[in-house]
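> My questions all concern the structure below.
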Amino acid sequence: MSPRVDVSGPPLVRIEGVTRRFGPVVAVDRVSLDIPENAFYALLGPSGCGKTTLLRMIAGFEQPDEGRILLDGEDMTRVPPNRRPVNMVFQSYAVFPHMTVWKNVAYGLEVTGVPQGEIRRRVEEALALVRLEGMEARRPHQLSGGQKQRVALARALVKRPRLLLLDEPLSALDRKLREDMQMELVRLRHEVGITFLLVTHDQDEALSMADRIAVMNAGRVLQVADPRTLYEQPRTRFVAEFIGTANLFEGRVVARCDGTVRVRMEDLGEVRLPAESVGNGTHLRLALRPEKWRVDPERPPAADLAVAARLVEMAYHGDTSRLHLEAGGRRLVAVVHNARRGGDPRLVPGARVWLGLAVADLVVLED
Amino acid sequence: MRAERGPLDYARRWWLRAWLAATFLFLYAPIVILVVFSFNDSRRNIVWRGFTTKYYLEAWHNDSLIEAFTNSLVIAVASTLLSTVLGALLALALWRFRFPGKAAVEGANALPIVIPEICMGVALLVFFSRLDLMGGMGWPWSLLPVLIGHVTFSFPFVAVVVRARLEGFDRSLEEASRDLGAGEWQTFRRILVPYMRPGLVAGALLAMTLSLDDFVITFFTSGPDTITFPVKIYSMVRFGATPEVNAASTVLIAVTVLLTVIAMNLQRRSSAREGMLP
Amino acid sequence: MESWRAAPAVFWITLVPGVVWLLVFFFAPLALIWLLAFGERAGPVAIDITWTLDNYRQALDPLYLGLFWKSFRIAAVATAICLVVAFPVALAVTFADGRVKPLLLMLVVLPFWTNLLVRTYAMIAVLRTRGYLNSGLEYLWMAAKTVATPLGLGELFGDRFRPLEILYNDPAVIFGIVYVYLPFMVLPLYATLERLDRSLLEASLDLGASHWRTFWRVIVPLARPGIVSGVILVFVPALGTFLISDLLGGPSSQLIGNVIERQFKAANNVPLGAALSFLLLYATFVALALWAWSNERMRRRAG
Numbered sequence: 154m155s156p157r158v159d160v161s162g163p164p165l166v167r168i169e170g171v172t173r174r175f176g177p178v179v180a181v182d183r184v185s186l187d188i189p190e191n192a193f194y195a196l197l198g199p200s201g202c203g204k205t206t207l208l209r210m211i212a213g214f215e216q217p218d219e220g221r222i223l224l225d226g227e228d229m230t231r232v233p234p235n236r237r238p239v240n241m242v243f244q245s246y247a248v249f250p251h252m253t254v255w256k257n258v259a260y261g262l263e264v265t266g267v268p269q270g271e272i273r274r275r276v277e278e279a280l281a282l283v284r285l286e287g288m289e290a291r292r293p294h295q296l297s298g299g300q301k302q303r304v305a306l307a308r309a310l311v312k313r314p315r316l317l318l319l320d321e322p323l324s325a326l327d328r329k330l331r332e333d334m335q336m337e338l339v340r341l342r343h344e345v346g347i348t349f350l351l352v353t354h355d356q357d358e359a360l361s362m363a364d365r366i367a368v369m370n371a372g373r374v375l376q377v378a379d380p381r382t383l384y385e386q387p388r389t390r391f392v393a394e395f396i397g398t399a400n401l402f403e404g405r406v407v408a409r410c411d412g413t414v415r416v417r418m419e420d421l422g423e424v425r426l427p428a429e430s431v432g433n434g435t436h437l438r439l440a441l442r443p444e445k446w447r448v449d450p451e452r453p454p455a456a457d458l459a460v461a462a463r464l465v466e467m468a469y470h471g472d473t474s475r476l477h478l479e480a481g482g483r484r485l486v487a488v489v490h491n492a493r494r495g496g497d498p499r500l501v502p503g504a505r506v507w508l509g510l511a512v513a514d515l516v517v518l519e520d
Numbered sequence: 157m158r159a160e161r162g163p164l165d166y167a168r169r170w171w172l173r174a175w176l177a178a179t180f181l182f183l184y185a186p187i188v189i190l191v192v193f194s195f196n197d198s199r200r201n202i203v204w205r206g207f208t209t210k211y212y213l214e215a216w217h218n219d220s221l222i223e224a225f226t227n228s229l230v231i232a233v234a235s236t237l238l239s240t241v242l243g244a245l246l247a248l249a250l251w252r253f254r255f256p257g258k259a260a261v262e263g264a265n266a267l268p269i270v271i272p273e274i275c276m277g278v279a280l281l282v283f284f285s286r287l288d289l290m291g292g293m294g295w296p297w298s299l300l301p302v303l304i305g306h307v308t309f310s311f312p313f314v315a316v317v318v319r320a321r322l323e324g325f326d327r328s329l330e331e332a333s334r335d336l337g338a339g340e341w342q343t344f345r346r347i348l349v350p351y352m353r354p355g356l357v358a359g360a361l362l363a364m365t366l367s368l369d370d371f372v373i374t375f376f377t378s379g380p381d382t383i384t385f386p387v388k389i390y391s392m393v394r395f396g397a398t399p400e401v402n403a404a405s406t407v408l409i410a411v412t413v414l415l416t417v418i419a420m421n422l423q424r425r426s427s428a429r430e431g432m433l434p
Numbered sequence: 024m025e026s027w028r029a030a031p032a033v034f035w036i037t038l039v040p041g042v043v044w045l046l047v048f049f050f051a052p053l054a055l056i057w058l059l060a061f062g063e064r065a066g067p068v069a070i071d072i073t074w075t076l077d078n079y080r081q082a083l084d085p086l087y088l089g090l091f092w093k094s095f096r097i098a099a100v101a102t103a104i105c106l107v108v109a110f111p112v113a114l115a116v117t118f119a120d121g122r123v124k125p126l127l128l129m130l131v132v133l134p135f136w137t138n139l140l141v142r143t144y145a146m147i148a149v150l151r152t153r154g155y156l157n158s159g160l161e162y163l164w165m166a167a168k169t170v171a172t173p174l175g176l177g178e179l180f181g182d183r184f185r186p187l188e189i190l191y192n193d194p195a196v197i198f199g200i201v202y203v204y205l206p207f208m209v210l211p212l213y214a215t216l217e218r219l220d221r222s223l224l225e226a227s228l229d230l231g232a233s234h235w236r237t238f239w240r241v242i243v244p245l246a247r248p249g250i251v252s253g254v255i256l257v258f259v260p261a262l263g264t265f266l267i268s269d270l271l272g273g274p275s276s277q278l279i280g281n282v283i284e285r286q287f288k289a290a291n292n293v294p295l296g297a298a299l300s301f302l303l304l305y306a307t308f309v310a311l312a313l314w315a316w317s318n319e320r321m322r323r324r325a326g
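Dropping the structure here:
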C-alpha cells in the first residue's frame with residue numbers, strides 16, 4: 154500500500170520475547186515483533202488477546218515480566234512513560250475535562266518546558282492539522298465524540314513522537330464518523346510522517362488503514378503480513394476465520410504423483426494441489442473465501458471441482474448477497490455480487506445450484 | 157401547557173403534594189417563627205408587637221456571646237484547614253493503594269462517623285483531663301482540646317467525600333498526562349488536584365459546618381473560658397427562651413445557610429464546567 | 024489501584040497523618056474510658072484500675088437497663104415515624120419535575136445544615152405551654168367560642184382555655200427527634216429511589232398491578248437498601264441523643280445519654296459513666312452489624 158515502508162531496514166520498535174502475566178493469566182506470551190519506521194502498523198485480535206497490554210507496555214504503563222522493548226535500538230523497557238518519545242491516543246480519549254482544547258493540546262509541551270512562543274506555534278499547527286481551528290476556547294464537554302478524538306490526536310501529535318499509539322481509537326464513534334476518521338488518520342499519517350501503531354479488534358479497520366498487521370490471539374502473535382496476504386493467504390484457522398469468513402474443509406491425501414497431490418475434501422470431491430503447498434502429512438485443513446465460489450444454476454464446465462448444493466437462505470447486503478448452502482451434509486457460505494450472478498432470478502431458497510472452485514483459490518492452513 | 161398526568165407522575169397527585177407541603181411546614185415553620193420573632197419588639201415573645209433590631213444590638217453588646225462567636229469562628233477555620241488536609245491525604249491513600257490492613261483503616265475512618273457523639277465526647281473529656289489540657293493555658297491555646305475534637309470527627313467525613321469524588325476519576329487521564337511527558341508531581345498538581353477540587357471544597361464546607369454546628373463534643377471538651385457559640389446558646393436556653401437567643405440563633409442560621417448556598421453554587425459551577433449539567 | 028510498594032514514599036505520606044491522628048485522638052481516648060470502666064474511684068479525680076466488674080454490674084441493674092430499654096423504645100418509635108413521613112416525601116422528590124427537583128432537594132437538605140441546638144430550641148418555643156402551638160390553639164378556641172356562644176353552645180368550651188401540656192414529656196422528645204433527624208431518612212430513600220429503573224414500575228403497571236400493589240411489591244422491596252440506611256442513620260444518633268431529651272424531655276424522660284452526661288459532669292462517677300458509654304457503644308455496634316448483615320444479604324441476593 155505505502156511504498157515508503159522499508160521493511161528491510163532497522164526497525165523503529167523491536168519487541169523481543171516479551172511476556173506479561175496478570176496472576177495466573179498470561180496476557181502476552183513471548184511476543185517478538187519488529188515495527189518498521191514509517192509503517193501504519195496494526196495489532197489485530199479479539200478482546201482479551203493481549204494487544205492492549207502489549208500497547209501499554211510500549212507506552213510504559215505496564216512492565217514486561219520477561220523480554221525487552223527497543224526503540225531506535227535503545228532499550229526502553231525500564232524508561233517511565235513520560236520519558237519515552239512515544240505518545241498515545243486513548244480509547245476513552247482521556248481529554249482533560251478541566252482544560253480548554255488549547256490547554257489540552259499545549260499540556261504536553263508545557264510540562265516539558267517548551268518555550269511559550271514555540272508552544273503557541275506548534276499548538277496552532279497541530280490544531281490546523283486535525284482541522285480544529287476556531288475551537289481553541291471550547292471545553293471538552295462542548296465537543297462531539299469526533300472532535301474529542303481530534304483533540305486527543307492533536308495533543309499526541311504536537312509532541313512529535315517517534316511512534317504514535319492508537320488504542321481502539323474509533324470504537325466509540327458511530328459508523329459514518331468512523332469511516333471518515335479512518336480516512337483522516339491515513340491522511341494525517343502521510344502528512345506528519347510518524348509511525349502509527351493501531352490496536353483494534355475491528356478487521357475492516359485494520360485491513361483498510363494499516364499496511365502491516367499482526368494478528369494476535371491468546372497472548373501470541375499468529376501472523377504478521379500486509380492486509381492482502383493476510384486475507385488471501387491466512388496461515389492458521391484462527392486467522393482465516395477472524396479475518397473475513399472462510400469455508401473450512403478437512404482434507405485427506407489420497408495419492409501423490411508428479412509434483413501434485415490428490416486430496417479428498419470431505420464428501421465433496423477430490424482436488425489436485427501442488428505438492429509444495431501440502432507438505433508431508435496425510436491430513437490437512439483447507440480454506441476457501443466465500444466470494445471465490447462460482448455459483449451457477451448450471452454445472453460450471455471450467456471449475457476444478459464442482460459441487461451440487463441446495464440454497465438454504467439468502468441474505469441481501471446491497472452490493473452483495475450472502476448465500477447459505479448445503480452440500481454433502483454440511484453448510485457452506487458463498488458471496489455473490491448482485492450486479493452479476495446475484496441478480497439471477499433462479500437463485501431462490503430451495504433452488505438447486507452448482508458451486509465451482511479453482512484450486513488456486515484454496516488455501517492450505519498450517520493447523 | 158399542561159400535559160395529561162402520566163401514570164408515573166406521582167409528584168402530581170394531590171395527596172402527595174399535600175404530604176410534601178405538610179412536611180416542609182413541619183420542618184420550616186419553627187425556624188421561620190424563630191427568625192421572625194427575633195425581630196419582635198416584645199419580651200414575652202409570643203404576640204407580635206412590632207419590628208425591632210434591638211435584640212441584635214443587645215446580642216452584639218453581650219461580651220460573652222461575642223467571645224463565644226469568636227471562639228467558634230477560630231475553631232471552625234482551623235478545624236476546616238486541618239480536616240481538609242488530613243481527610244484529603246487519607247482519601248488519596250485509600251483510593252490509590254492496595255495494602256495489607258486497608259479494611260481496618262477504612263473501618264477506623266468510618267468509626268468516628270457512626271459512634272454516638274456522646275461516647276466520643278466523654279472519651280475526649282477524660283483523655284484531655286488526664287493530659288491536663290483542660291484549662292491552664294492562655295487563649296488561643298486553650299481552644300486546643302475543642303479544636304482537636306472537631307478535627308477528629310470532621311476529617312473522616314472529608315475523607316469519605318473526597319474519596320467518593322476520586323472514585324469517579326478516569327485513570328486514563330493520569331496515564332495521558334504521563335504519556336505527554338508530565339512527571340508524577342506535575343500530574344498530581346495539574347490533573348488530579350483540579351479534578352479533586354469540587355470534592356475538596358465540599359469536604360471543607362462540610363467540615364466547617366460540622367464544626368460551627370457541633371454541640372455535644374464541644375460541650376464536653378470546652379472549659380469555662382472556651383465556650384463556643386452553640387454551647388453559649390445552650391446555657392442561655394437553659395435560663396429561658398429570650399429574644400436574644402432568637403437573635404443569636406438567627407445569626408448562626410444565616411452563617412450556615414450562607415455557607416451551604418456557597419457550597420452548592422461552587423459545586424454546580426464546577427460540574428457545569430465538566431459538562432455534567434446542561 | 025496499585026500496590027503500596029509501587030510508590031512507598033507517596034503511600035506513607037498520605038496514609039500516616041490521618042491514621043496517627045485517629046490512633047492518638049480517637050482510639051486512645053476510647054481505650055482510656057474502656058479501661059476506666061474497670062476502675063474504682065479512689066478520690067475526687069483519681070481512679071484505680073482494679074479490673075472490677077462492679078461498674079458493668081451497676082450499669083446492668085434494672086434502673087439503668089430500664090433506661091436503655093426506654094431509649095431504645097423512644098428511638099425506635101421516632102425512627103418509625105420518620106420512615107412513614109419520609110417515604111412519601113422521597114417519592115415526591117424523586118418523581119418531581121426536573122426544574123423543581125433541585126429546589127425540593129435543597130429544602131430537604133437545608134435543615135440538616137441548620138444547627139441542632141437552634142432547631143431544638145425552635146421546638147421549645149413552639150411546644151411550650153405559652154408557646155406558638157398553644158397560642159394558635161387558644162386563638163382558634165376563642166374564635167370557635169365567639170361563634171358558638173350565640174348558638175348556646177358556649178359551655179362546651181369551658182370558661183378558660185386550658186393549654187396542652189406538650190413539652191417536657193416523652194412525646195415531645197419523640198417529636199424533637201423526628202424533627203431533627205427527618206432529613207437523614209429522606210436522603211438515603213431519595214438516593215435509592217432515584218436510581219430505581221422506572222421501566223420496572225411501568226412493567227408492574229403494564230402487567231396489571233395497581234399503584235398500591237406496585238408500591239408494596241416493587242418500590243418498597245427495591246428501596247430496601249435506602250430504608251435500611253435511613254433507619255440506621257436516624258436510629259443510631261437517636262439512641263445516643265442527649266441534647267434533645269435534655270431540652271425537650273421532662274424529669275421522667277431522661278435517656279441513657281443524659282445519664283452518661285451526668286456521670287461525667289455532675290455526679291462525677293467516671294467508671295460508671297464509662298461502663299454505660301461502652302454499653303451504648305456496643306448497642307450501636309449491634310445495630311450497625313445488623314445493617315451490614317442486611318446489606319450483605321441483599322447484595323448476595325442480587326448476585
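Protein chains in written order, with our numbering: chain A, 154 to 520; chain B, 157 to 434; chain C, 24 to 326. For every residue, glycine included, the Cβ atom is placed at its ideal position computed from N, Cα and C. Since the model is a prediction, treat every value here as computed from it, not as a measurement.
Determine whether the Cβ of residue 297 of chain A lies closer than 8 Å to any Cβ atom of chain B.
no
> Here's a check: name, in chain order, each residue in its chain whose Cβ is nearer than 8 Å to the Cβ of residue 416 of chain B, leaving out the five neighbours to either side.
361, 365
> Please list, in chain order, the chain C residues whose beta carbon lies closer than 9 Å to that of residue 420 of chain B.
125, 129, 132
> Would you check if there are 3 or more beta carbon pairs closer than 8 Å linking the segment 227-246 of chain A to the segment 270-288 of chain A?
Using a C-beta cut-off of 8 Å, the segment 227-246 of chain A makes no contact with the segment 270-288 of chain A, since fewer than three inter-stretch Cβ pairs fall below that distance.
> Relative to the C-alpha of residue 435 of chain B, which candidate in B:252, B:368, B:333, B:315 has its C-alpha closest?
Because chain B here runs from 157 to 434, residue 435 of chain B falls outside it and cannot be looked at.
> How would you list, in chain order, the residues of chain A whose beta-carbon sits under 7 Å from the beta-carbon of residue 342 of chain B?
264
> Using a C-beta cutoff of 8 Å, does residue 235 of chain C count as contacting chain B?
By this cut-off, residue 235 of chain C is not an interface position.
> Tell me whether residue 214 of chain A sits in a helix, a strand or coil according to DSSP, three-state version.
coil
> So, at 7 Å on beta carbons, what are the nonlocal neighbours of residue 273 of chain B in its own chain, with the 5 sequence-adjacent residues on each side left out?
In its chain, beyond the 5 residues on either side, 372, 373 have a beta carbon closer than 7 Å to the beta carbon of residue 273 of chain B.
> Which of helix, strand or coil does DSSP assign to residue 433 of chain B?
Confidence at residue 433 of chain B is low in this model, with a pLDDT of 39, below 50, so the placement of that residue should be treated as unreliable; the coordinate-derived value is given next. If DSSP states are grouped into helix, strand and coil, residue 433 of chain B belongs with coil.
> Count the other C-beta atoms from every protein chain shown that fall within 10 angstroms of the C-beta of residue 370 of chain A, then say buried if there are 16 or more, exposed otherwise.
buried
> Along chain B, which residues have their Cβ under 9 Å away from the Cβ of residue 146 of chain C?
In chain order: 186.
> Going along the chain, which residues of the segment 199-220 of chain A sit with their C-beta nearer than 8 Å to a C-beta in chain B?
212, 213, 214
> Can the beta-carbon of residue 193 of chain C be found less than 8 Å from the beta-carbon of residue 72 of chain C?
No, the Cβ-Cβ distance between residue 193 of chain C and residue 72 of chain C is not below 8 Å.
> Which first and last residues belong to the alpha helix (DSSP H) in which residue 159 of chain C is found?
155-171
> Taking the DSSP output, what are the residues bridged to residue 208 of chain C?
Its beta-bridge partners do not exist; DSSP assigns none.
> Could you give the distance in angstroms between the alpha-carbon of residue 154 of chain C and the alpha-carbon of residue 268 of chain C?
18 Å
> Name the chain B residues whose beta carbon is nearer than 8 Å to that of residue 331 of chain C?
Missing from the structure shown is residue 331 of chain C; chain C here goes from 24 to 326 and no further.
> Whole angstroms is fine: what's the gap from residue 289 of chain A's alpha carbon to residue 332 of chain A's?
The straight-line gap separating the alpha-carbon atoms of residue 289 of chain A and residue 332 of chain A is approximately 25 Å.
> Contact between the segment 311-329 of chain A and the segment 346-357 of chain A is defined here as three or more beta-carbon pairs at a separation below 8 Å; is this criterion met?
yes
> Give the single residue among C:63, C:254, C:38 whose Cα lies nearest to the Cα of residue 298 of chain C.
C:63
> CB-CB under 8 Å to residue 156 of chain C, same chain, minus the five flanking residues each way: which ones, in chain order?
Hits under 8 Å: 149, 150, 187, 189.
> Straight-line CA distance for residue 262 of chain A to residue 35 of chain C?
So the two alpha carbons sit approximately 31 Å from each other.
> Can you find a C-beta in chain A that's less than 8 Å from the C-beta of residue 324 of chain B?
no
> Within the segment 298-344 of chain B, note down every full alpha helix (DSSP H) run reaching 4 residues or more, in order along the chain.
Counting only unbroken stretches of 4 or more residues, the alpha helix (DSSP H) elements lying wholly within the segment 298-344 of chain B are 300-323, 327-335, 340-343, in sequence order.
> Taking only the alpha-carbon atoms, compute the straight-line gap between residue 282 of chain A and residue 307 of chain A and give it to the nearest angstrom.
8 Å
> Relative to the C-alpha of residue 90 of chain C, which candidate in C:68, C:167, C:265, C:220 has its C-alpha closest?
C:265
> Is the number of C-beta pairs between the segment 279-288 of chain C and the segment 235-243 of chain C that are closer than 8 Å three or more?
Contact between the segment 279-288 of chain C and the segment 235-243 of chain C is absent: fewer than three C-beta pairs spanning the two stretches fall below 8 Å.
> Considering only C-alpha positions, which residue in the set B:403, B:349, B:425 is nearest to residue 191 of chain B?
B:403
> For the structure I just gave you, are there three or more beta carbon pairs, one from the segment 224-231 of chain C and one from the segment 110-130 of chain C, closer than 8 Å?
no
> DSSP on residue 269 of chain C, reduced to helix/strand/coil?
helix
> Which residues mark the beginning and the end of the beta strand (DSSP E) in which residue 63 of chain C is found?
Element bounds for residue 63 of chain C: 62-64.
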